[in-house]
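Trainee: One structure is given below, represented as structure tokens, and several questions about it will come after.
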Amino acid sequence: MQRNLLSGAGLILAAILFVALNVLAERWLAGARIDLTQARLYTLSQGTRNVLNAIPEPITLKLYFSKKVANDLPQVMGYAQRVREMLQEFRRLSNGRLRLVEIDPEPFTEAEDEAVRAGLQGVPLGAGDQLYFGLVGTNMLDDQQVVGFFQQEKEQFLEYDLARLVHVLSDPKKPVVGLITGHQMNAEVSPMMQVGGGNPPWPIVTQIRGAFDLKFIDPGSAELPAGVDVLLIVHPPALSPRLQYAIDQYVLGGGKALVYVDPFSEVAMAFGQQRGAMGMGGARGQTESDLPELLKAWGVKLEANRIVGDWQAAQEVNAGGPGPGGMKILRYLPWLELGPNNINRDDVVTANIGNINAATAGSLVRLEGAATEVVPLLTTGSQAALFDADLVRFAPNPERLIRDFKATGVSYVLAARLRGKVKSAFPDGPPKAEEKAAPAAAPPPTEAGKDGQPRPADKPHLAESANPINIIVVADSDLLFEQFWARTQELFGQRMIVPTAANADMLINALDNLAGSNDLISLRSRGKSTRPFLVVDGLRREAEQRFQEQERELNGKLESLQKRLQELQGRASAGGGALLSAQQAQEIAKAREEILRTRKELRDVQHNLNRDIETLETRLRAANLAAIPLLVALFAIGLAGYRQLRRRRHFETARA
Numbered sequence: 208m209q210r211n212l213l214s215g216a217g218l219i220l221a222a223i224l225f226v227a228l229n230v231l232a233e234r235w236l237a238g239a240r241i242d243l244t245q246a247r248l249y250t251l252s253q254g255t256r257n258v259l260n261a262i263p264e265p266i267t268l269k270l271y272f273s274k275k276v277a278n279d280l281p282q283v284m285g286y287a288q289r290v291r292e293m294l295q296e297f298r299r300l301s302n303g304r305l306r307l308v309e310i311d312p313e314p315f316t317e318a319e320d321e322a323v324r325a326g327l328q329g330v331p332l333g334a335g336d337q338l339y340f341g342l343v344g345t346n347m348l349d350d351q352q353v354v355g356f357f358q359q360e361k362e363q364f365l366e367y368d369l370a371r372l373v374h375v376l377s378d379p380k381k382p383v384v385g386l387i388t389g390h391q392m393n394a395e396v397s398p399m400m401q402v403g404g405g406n407p408p409w410p411i412v413t414q415i416r417g418a419f420d421l422k423f424i425d426p427g428s429a430e431l432p433a434g435v436d437v438l439l440i441v442h443p444p445a446l447s448p449r450l451q452y453a454i455d456q457y458v459l460g461g462g463k464a465l466v467y468v469d470p471f472s473e474v475a476m477a478f479g480q481q482r483g484a485m486g487m488g489g490a491r492g493q494t495e496s497d498l499p500e501l502l503k504a505w506g507v508k509l510e511a512n513r514i515v516g517d518w519q520a521a522q523e524v525n526a527g528g529p530g531p532g533g534m535k536i537l538r539y540l541p542w543l544e545l546g547p548n549n550i551n552r553d554d555v556v557t558a559n560i561g562n563i564n565a566a567t568a569g570s571l572v573r574l575e576g577a578a579t580e581v582v583p584l585l586t587t588g589s590q591a592a593l594f595d596a597d598l599v600r601f602a603p604n605p606e607r608l609i610r611d612f613k614a615t616g617v618s619y620v621l622a623a624r625l626r627g628k629v630k631s632a633f634p635d636g637p638p639k640a641e642e643k644a645a646p647a648a649a650p651p652p653t654e655a656g657k658d659g660q661p662r663p664a665d666k667p668h669l670a671e672s673a674n675p676i677n678i679i680v681v682a683d684s685d686l687l688f689e690q691f692w693a694r695t696q697e698l699f700g701q702r703m704i705v706p707t708a709a710n711a712d713m714l715i716n717a718l719d720n721l722a723g724s725n726d727l728i729s730l731r732s733r734g735k736s737t738r739p740f741l742v743v744d745g746l747r748r749e750a751e752q753r754f755q756e757q758e759r760e761l762n763g764k765l766e767s768l769q770k771r772l773q774e775l776q777g778r779a780s781a782g783g784g785a786l787l788s789a790q791q792a793q794e795i796a797k798a799r800e801e802i803l804r805t806r807k808e809l810r811d812v813q814h815n816l817n818r819d820i821e822t823l824e825t826r827l828r829a830a831n832l833a834a835i836p837l838l839v840a841l842f843a844i845g846l847a848g849y850r851q852l853r854r855r856r857h858f859e860t861a862r863a
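For the sequence shown, our numbering begins at 208 and goes up steadily by one.
As structure tokens, this is what we get:
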């Protein structure tokens with residue numbers, strides 16, 4: 208009786224303790240999390256935490272998700288939960304400065320109208336429904352940032368996209384881009400069109416001005432202006448040592464740079480020839496550009512006077528056939544169309560861009576012993592080689608290039624991100640100022656600026672970078688000229704630019720990434736929440752390879768069989784013999800048997816493929832179903848054995 212009473216009291220006490228623990232956990236451990244995923248998917252990076260801690264004023268995030276419409280789409284529902292959880296984590300770490308509102312924009316409601324006005328993209332589904340899955344962020348100044356639709360293909364960049372949105376709303380002013388260039392990008396005669404007169408700025412300049420405060424910097428100046436967030440250098444002319452030193456110190460001091468150098472610029476060549484034809488002097492422009500000392504300090508070099516040719520990525524051109532108007536389509540090896548296999552999908556700058564067109568691009572090589580990490584962004588395939596730039600400088604011959612082409616099996620780097628700590632390209636300090644031919648009035652003594660900060664000339668020499676640098680270098684500048692990435696159209700008197708390649712997208716992405724804070728730049732692509740079955744995928748690839756080999760054999764047999772039958776039919780029509788017709792019938796019968804046998808083999812391979820995968824999936828399913836019950840059973844058996852052992856020892860002690 209007493210034992211039953213104690214057992215009942217124990218059960219009541221256990222129930223009370225269970226409820227109390229749940230209440231305390233809900234109260235004190237609501238934000239506690241344990242992330243056991245391999246890629247730490249549910250743990251925000253330190254860079255994101257810094258962005259959230261730096262929010263100066265409240266920001267409102269409105270998550271629009273058509274929950275009712277997506278009920279029958281488990282994949283969308285799963286990703287929506289992933290986005291929701293990350294936004295909730297953002298809110299939790301923002302010290303109350305992020306306000307999250309979830310809205311279900313049902314059809315024909317004010318919420319749907321708000322989503323459309325904000326620029327969210329509705330995806331049409333069956334029965335006329337629209338699926339909305341986007342985000343609208345606003346700050347106290349009514350600045351707005353929008354994610355039109357959360358694409359699951361971009362899941363690895365979800366944290367970066369959300370952190371960037373918050374960062375832009377926290378600091379909405381346009382970043383300042385300082386441009387140094389040897390090209391006539393602002394307003395000049397069009398170098399690739401034999402038409403005189405003035406010309407508007409390059410379309411790429413218009414694209415930059417749409418997102419940034421663009422300031423042109425005179426290549427002949429000795430210093431960089433203050434307030435530049437990103438330095439853009441495109442096909443630089445011969446810069447003075449003083450300006451190179453200023454660039455060196457800017458980068459060492461934490462400045463970001465996007466550099467386009469070129470072993471041979473077709474645009475500069477055409478522009479120089481046109482100026483000469485117009486009697487403007489300078490018949491030949493500066494066709495090559497490099498910053499050898501700076502690049503060396505940053506850990507790479509540009510292969511001088513060498514251009515890249517790639518058989519797989521080469522564009523087709525009309526090399527001209529015999530006679531007037533003749534056509535001869537050939538691959539022009541130096542003009543490249545870089546596709547998915549040539550573009551780094553793990554870097555935020557190039558992750559979601561389309562094809563890139565490049566023209567007579569160069570090769571970037573990491574120097575031995577370099578301290579920087581060189582992350583390729585654009586590369587050739589293995590069917591590539593280097594040419595002497597002189598082969599295409601004046602009278603390029605596509606046929607000769609093809610004839611002399613020998614692939615090296617090397618994948619060449621056309622664009623790369625450089626990061627790491629580096630030393631100055633000027634170890635002895637600033638270069639001496641150039642002597643003036645006729646000294647002007649003495650300049651006033653150097654003073655500190657009104658804000659108390661020293662002027663550029665007064666800054667102490669930086670021998671090395673305190674923090675890792677972040678630079679992107681591209682070995683081609685022609686790809687920014689409109690001929691290689693866009694088509695110009697006139698519509699109702701307006702000049703319209705229709706992109707044909709993603710060259711401008713890559714530039715804007717790079718500037719946008721570099722203009723962000725160091726915290727944003729530190730964010731890398733993350734893993735995906737959906738993990739592939741690697742063993743299953745391996746089995747499928749192996750079986751598919753066998754299937755393709757069998758299919759190729761079948762096609763070869765069918766082709767040889769058809770040729771044999773054509774021979775027999777030709778003999779039959781020529782000789783007309785009955786014996787030959789019988790042989791033909793026999794050959795046809797054999798061919799049919801061979802076809803049936805080969806098709807059966809193909810079916811067997813496909814069946815074995817499915818059988819292997821189904822067997823593995825069955826084993827995995829059985830293991831998942833049996834694992835927990837088996838562990839519980841083993842625990843129960845072990846507990847029973849332990850109790851029996853204790854009971855036996857108790858009896859033995861009592862007897863003693």
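The beta carbon of each residue, even a glycine, is placed where N, CA and C say it ideally should be.
#1: Residues in the same chain with beta-carbon distance under 6 Å from A622, minus the five sequence neighbours each way, listed in chain order, please.
#2: Curious, which full-length beta strand (DSSP E) runs of at least 3 residues does the stretch 255 to 325 contain?
#3: Quick one: give me the first and last residue of the alpha helix (DSSP H) that I864 is part of.
#4: Using a threshold of 7 Å, state whether the C-beta atoms of A592 and T567 are closer than that.
#5: Mind checking V705: buried by the 16 CB within 10 Å criterion, or exposed?
#6: In chain order, what residues of the same chain have a beta carbon less than 7 Å from the beta carbon of L501, not counting five sequence neighbours either side?
#7: Quick check on I415: does DSSP put it in helix, strand or coil?
#8: Give the DSSP-derived three-state secondary structure of D553 in the structure shown.
#9: Check each candidate in R538, D553, L537, E510 and name the one with the smallest Cα separation from V572.
#10: Thinking C-beta only, is S496 closer than 7 Å to V468?
#11: Which of the three DSSP states is assigned to F691 in this structure?
#12: Put Q351 into one of helix, strand or coil per three-state DSSP.
#13: Under 7 Å, do A708 and N525 count as touching if we go by C-beta distance?
#14: Starting from Y457, follow the alpha helix (DSSP H) in both directions and report where the run begins and ends.
#15: For a test of the three-state rule: what should DSSP assign to Q522, helix, strand or coil?
#16: Assign T316 to buried or exposed, taking buried as 16 or more other Cβ atoms, counted over all protein chains shown, within 10 Å of its Cβ.
#17: Spatial neighbours of F225 within its chain, please: CB distance less than 6 Å, with the 5 preceding and 5 following residues excluded, ordered by chain position.
#18: Rounded to whole angstroms, what is the Cα-Cα separation between N472 and F594?
#19: Name the DSSP beta bridge partners of L438, please?
#20: Taking all protein chains shown into account, decide if Y849 is buried (16 or more other Cβ within 10 angstroms of its Cβ) or exposed.
#21: At the level of alpha carbons, what is the spacing between L838 and R828?
#22: Under 8 Å: do the stretch 600 to 619 and the stretch 532 to 552 share three or more Cβ pairs, one atom per stretch?
#23: Would you identify the three-state DSSP class for M392, choosing helix, strand or coil?
#24: If L686 sits next to N710, beta carbons under 8 Å apart, how far is it from one beta carbon to the other, in whole angstroms?
#25: Could you name the residues of the same chain whose beta carbon sits closer than 6 Å to that of A722, not counting the 5 residues immediately before and after it, in chain order?
#26: From L294 to P312, what does the alpha carbon distance come to, in whole angstroms?
#27: Which residues in the same chain as G341 place their Cβ atom closer than 6 Å to its Cβ, once the five residues preceding and following it in sequence are excluded?
#28: Would you call L841 buried or exposed, if buried means 16 or more other Cβ atoms sit within 10 Å of its Cβ?
#29: Skipping 5 residues on each side, what residues in its chain have a beta carbon closer than 7 Å to that of E800?
#30: Going by alpha carbons, who is nearest to Y152 out of K630, G516, R856, N257?
#31: Compare the beta carbon distance of G329 and Q337 with 7 Å and say whether it is the shorter of the two.
#32: Once you ignore the five residues that flank R449 on each side, which residues in its own chain have a CB closer than 8 Å to its CB?
Mentor: Working from what's here:
#1: For this step, residue 622 is matched to residue 415 along the sequence shown. The answer, listed in chain order, is L584, L585, V681.
#2: 266 to 272, 305 to 310
#3: Lying before the first or after the last residue shown, residue 864 is absent from the chain, which here runs from 208 to 863.
#4: Start at 1 with the first residue of the sequence shown, and residue 592 comes out as number 385. Start at 1 with the first residue of the sequence shown, and residue 567 comes out as number 360. No; because the gap between Cβ atoms is not below 7 Å, this pair is not in contact.
#5: Mapped onto the sequence shown, residue 705 falls at position 498. Burial call: exposed.
#6: Taking the sequence shown and counting its residues from 1, one reaches residue 501 at position 294. If we look at L501 and ignore the five residues flanking it on each side, its Cβ neighbours are Q451, I454, D455, A632.
#7: Along the sequence shown, read from residue 1 onward, the residue named residue 415 stands at position 208. In the structure shown, I415 sits in a helix (DSSP, three-state: H, G or I).
#8: Within the sequence shown, numbered from 1, the residue matching residue 553 stands at position 346. In this structure, D553 counts as coil in the three-state DSSP scheme.
#9: Residue numbering aside, residue 572 sits at position 365 when the sequence shown is read from its first letter. For the residues R538, D553, L537, E510, the minimum Cα distance to V572 belongs to E510.
#10: Position 261 of the sequence shown holds residue 468. Position 289 of the sequence shown holds residue 496. The answer is yes: Cβ separation under 7 Å.
#11: Numbered from 1 along the sequence shown, position 484 holds the residue referred to as residue 691. F691: helix per DSSP, three-state reduction.
#12: The residue you call residue 351 lines up with position 144 of the sequence shown. Three-state result, Q351: strand.
#13: Start at 1 with the first residue of the sequence shown, and residue 708 comes out as number 501. Start at 1 with the first residue of the sequence shown, and residue 525 comes out as number 318. Not a contact, by the Cβ cut-off of 7 Å.
#14: Start at 1 with the first residue of the sequence shown, and residue 457 comes out as number 250. Note, Y457: alpha helix (DSSP H), 448 to 459.
#15: By 1-based counting over the sequence shown, the position of residue 522 is 315. Three-state result, Q522: strand.
#16: Within the sequence shown, residue 316 is the residue found at index 109, counting from 1. With fewer than 16 other Cβ atoms within 10 Å, it is exposed.
#17: Residue numbering aside, residue 225 sits at position 18 when the sequence shown is read from its first letter. So no residue of the chain qualifies.
#18: As a first step, residue 472 is located in the sequence shown; it is residue number 265 there, counting from the start. As a first step, residue 594 is located in the sequence shown; it is residue number 387 there, counting from the start. As written in the sequence, residue 472 is Ser, which differs from the Asn given in the question. So the alpha carbons of these two residues sit roughly 14 Å apart.
#19: Position 231 of the sequence shown holds residue 438. In DSSP, L438 forms a bridge with G385, A464.
#20: Sequence index remark: in the sequence shown, residue 849 carries index 642 (1-based). Exposed, by the Cβ-count rule.
#21: Residue mapping note: residue 838 aligns to position 631 of the sequence shown, counting from 1. Residue mapping note: residue 828 aligns to position 621 of the sequence shown, counting from 1. If I take the Cα positions, the gap works out to 16 Å.
#22: yes
#23: For the purposes of this step, residue 392 is identified with residue 185 of the sequence shown, where counting begins at 1. In this structure, M392 counts as coil in the three-state DSSP scheme.
#24: Reading the sequence shown from its first residue, position 479 is the one you call residue 686. Reading the sequence shown from its first residue, position 503 is the one you call residue 710. The Cβ separation is near 5 Å, so the contact holds.
#25: One-based indexing of the sequence shown puts residue 722 at position 515. Cβ within range, chain order: P382, D436, V437.
#26: The sequence position of residue 294 within the sequence shown is 87, counting from 1. The sequence position of residue 312 within the sequence shown is 105, counting from 1. Roughly 19 Å separates the two Cα atoms.
#27: Translated into the one-based positions of the sequence shown, residue 341 becomes position 134. Result list for G341: Y271, L327, V354, G355, F356, in chain order.
#28: Locating residue 841 in the sequence shown gives position 634, counting from the first residue. Using a 10 angstroms sphere on the CB of L841, the tally of other CB atoms stays under 16, which defines it as exposed.
#29: On the sequence shown, position 593 is the one that residue 800 refers to. Answer for E800: no residue qualifies.
#30: With the chain running from 208 to 863 in the structure shown, residue 152 is simply not present.
#31: Residue mapping note: residue 329 aligns to position 122 of the sequence shown, counting from 1. Residue mapping note: residue 337 aligns to position 130 of the sequence shown, counting from 1. Yes. Within cutoff.
#32: For the purposes of this step, residue 449 is taken as the residue at position 242 of the sequence shown. Only A429, E430, P637, P638, A640, E641 meet the Cβ criterion.
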